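Residue numbers (the numbering used here): 407 to 702.
All residues carry an ideal CB built from backbone N, CA and C; glycine is no exception.
Keep in mind that this is a model prediction, so the values were computed, not measured.
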């Protein structure tokens, strides 16, 4: 377990560095007025940087020599294809809003919307680091069969990331014009309202990320692709109906509703995963904390 926690620390550092690199990359694209294709590459850049950093950390730890074993690769693909499909769905609706804004509005509006979403993602390396730090501990507790402690640790994780994200979102929502002026300049103040809406979706996106731990522990992998497929469909419909009337604010609202749906409501559609939404709501109310006080 110690080694798993040690490894997770380096993974968190790699993701943190990747987030900073991608944020700088997006700022550069905005300053130089690059086309939307360059922004689409930002997701790939993030994974490239993470892979490079993890490889560097691995080499520094002088681990066993890396080798390729076909049978192991096939086995891993069989176990992870649910996540691969869900990743495709997430990538689809992750870029859908920008594409539809470009089709229905102007490139200037795409730039403003991208400004808002870039600010939204600048700080998420912090909740990601928290999730990565909790992952080995929660999985070890589950492996040992301590269901009570397992649920408490899950709720503690959800409470931490939800309220941290809500706190950051509130600050950015209030200070949106100042943040945009400092980072991008007066010309991008048109992104203010979109930022004030979009910033709230990160809390629900992080719930979805943290849910991955529960999914793996409970062996519910097959449901992930359903959640994201539902999200992609809802995102398409909402963008199509809201962008013509609300502009980039409509796209921001569509993304927020999509994240809430995939994180909280989609699991309710399947009997085996309804319990997860209950866990999240209990974590929101700090049920684990009040139960601990009652026991104490």
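Do residue 582 and residue 559 have their beta-carbon atoms positioned less than 7 Å apart in this structure?
In the chain shown, the residue the question calls residue 559 occupies position 153. In the chain shown, the residue the question calls residue 582 occupies position 176. It is not a contact, given that the beta carbons lie outside the stated cut-off.
Length of the line joining the Cα atoms of residue 465 and residue 472:
As a working mapping, residue 465 is identified with position 59 in the chain shown. As a working mapping, residue 472 is identified with position 66 in the chain shown. The C-alpha of residue 472 is placed about 10 Å away from the C-alpha of residue 465.
What are the boundary residues of the alpha helix (DSSP H) that residue 448 is part of?
Translated into the one-based positions of the chain shown, residue 448 becomes position 42. 442 to 466 is the span of the alpha helix (DSSP H), which, as asked, contains residue 448.
DSSP-derived helix/strand/coil call for residue 473
Stepping through the chain shown from its first residue, residue 473 is reached at position 67. In the three-state reduction of the DSSP assignment, residue 473 falls in the coil class.
Check whether residue 586 and residue 595 have beta carbons under 7 Å apart:
Position 180 of the chain shown, counting from 1, holds the residue named residue 586. Position 189 of the chain shown, counting from 1, holds the residue named residue 595. Going by C-beta atoms, residue 586 is nearer than 7 Å to residue 595.
Hey, is the stretch 672 to 681 in contact with the stretch 624 to 643, meaning 3+ C-beta pairs nearer than 8 Å?
With a cut-off of 8 Å, the stretch 624 to 643 and the stretch 672 to 681 count as touching, because enough Cβ pairs lie within range.
Nearest to residue 612 (by Cα), restricted to the options 686, 640, 651, 654
The residue you call residue 612 lines up with position 206 of the chain shown. Considering only alpha carbons, the answer is 686.
Can you give the Cα-Cα distance for residue 514 and residue 467, rounded to whole angstroms?
Counting from one through the chain shown, the residue named residue 514 turns up at place 108. Counting from one through the chain shown, the residue named residue 467 turns up at place 61. Those two C-alpha atoms are separated by around 47 Å.
When the Cα atoms are used, what is the spatial distance from residue 572 to residue 695?
Against the chain shown, residue 572 aligns to sequence position 166. Against the chain shown, residue 695 aligns to sequence position 289. Rounded to whole angstroms, residue 572 to residue 695 spans 19 Å at the Cα level.
Pairing CB atoms from the stretch 545 to 555 with CB atoms from the stretch 519 to 530, are three or more of them under 8 Å?
They do not touch, by the three-pair rule.
For the stretch 426 to 434 against the stretch 518 to 527, are there 3 or more C-beta pairs whose distance is under 8 Å?
yes
Buried versus exposed call for residue 607 [16 or more other C-beta atoms within 10 Å across all chains shown]:
By one-based count along the chain shown, residue 607 stands at place 201. So residue 607 ends up on the buried side.
Relative to the C-alpha of residue 503, which candidate in 692, 689, 649, 668 has its C-alpha closest?
Here residue 503 refers to the residue found at position 97 of the chain shown. Out of 692, 689, 649, 668, 649 has the C-alpha closest to the C-alpha of residue 503.
Tell me, to the nearest whole angstrom, how far the beta carbon of residue 661 is from that of residue 604; I am working on the premise that it is less than 8 Å.
Taking the first residue of the chain shown as 1, we reach residue 661 at position 255. Taking the first residue of the chain shown as 1, we reach residue 604 at position 198. That belief holds up - the Cβ atoms of residue 661 and residue 604 are roughly 6 Å apart, short of 8 Å.
Please report the Cβ distance between residue 436 and residue 590, rounded to the nearest whole angstrom; I am assuming they are in contact, meaning their Cβ atoms lie under 8 Å.
The count along the chain shown starts at 1 and reaches residue 436 at position 30. The count along the chain shown starts at 1 and reaches residue 590 at position 184. Confirmed, about 6 Å.
Would you mind working out which of 535, 444, 520 sits nearest residue 423, comparing C-alpha positions?
For this step, residue 423 is matched to residue 17 along the chain shown. It is 535 whose Cα lies nearest to the Cα of residue 423.
Can you tell me the Cα-Cα spacing of residue 416 and residue 452, whole angstroms?
Translated into the one-based positions of the chain shown, residue 416 becomes position 10. Translated into the one-based positions of the chain shown, residue 452 becomes position 46. Here the C-alpha atom of residue 416 lies approximately 16 Å from the C-alpha atom of residue 452.
Could you spell out the range, first to last residue, of the alpha helix (DSSP H) harbouring residue 593?
Along the chain shown, read from residue 1 onward, the residue named residue 593 stands at position 187. Premise fails: residue 593 is in no alpha helix (DSSP H) and is neither H nor E.
Using three-state DSSP, classify residue 641 as helix, strand or coil.
The residue you call residue 641 lines up with position 235 of the chain shown. Residue state, collapsed to three classes: helix.
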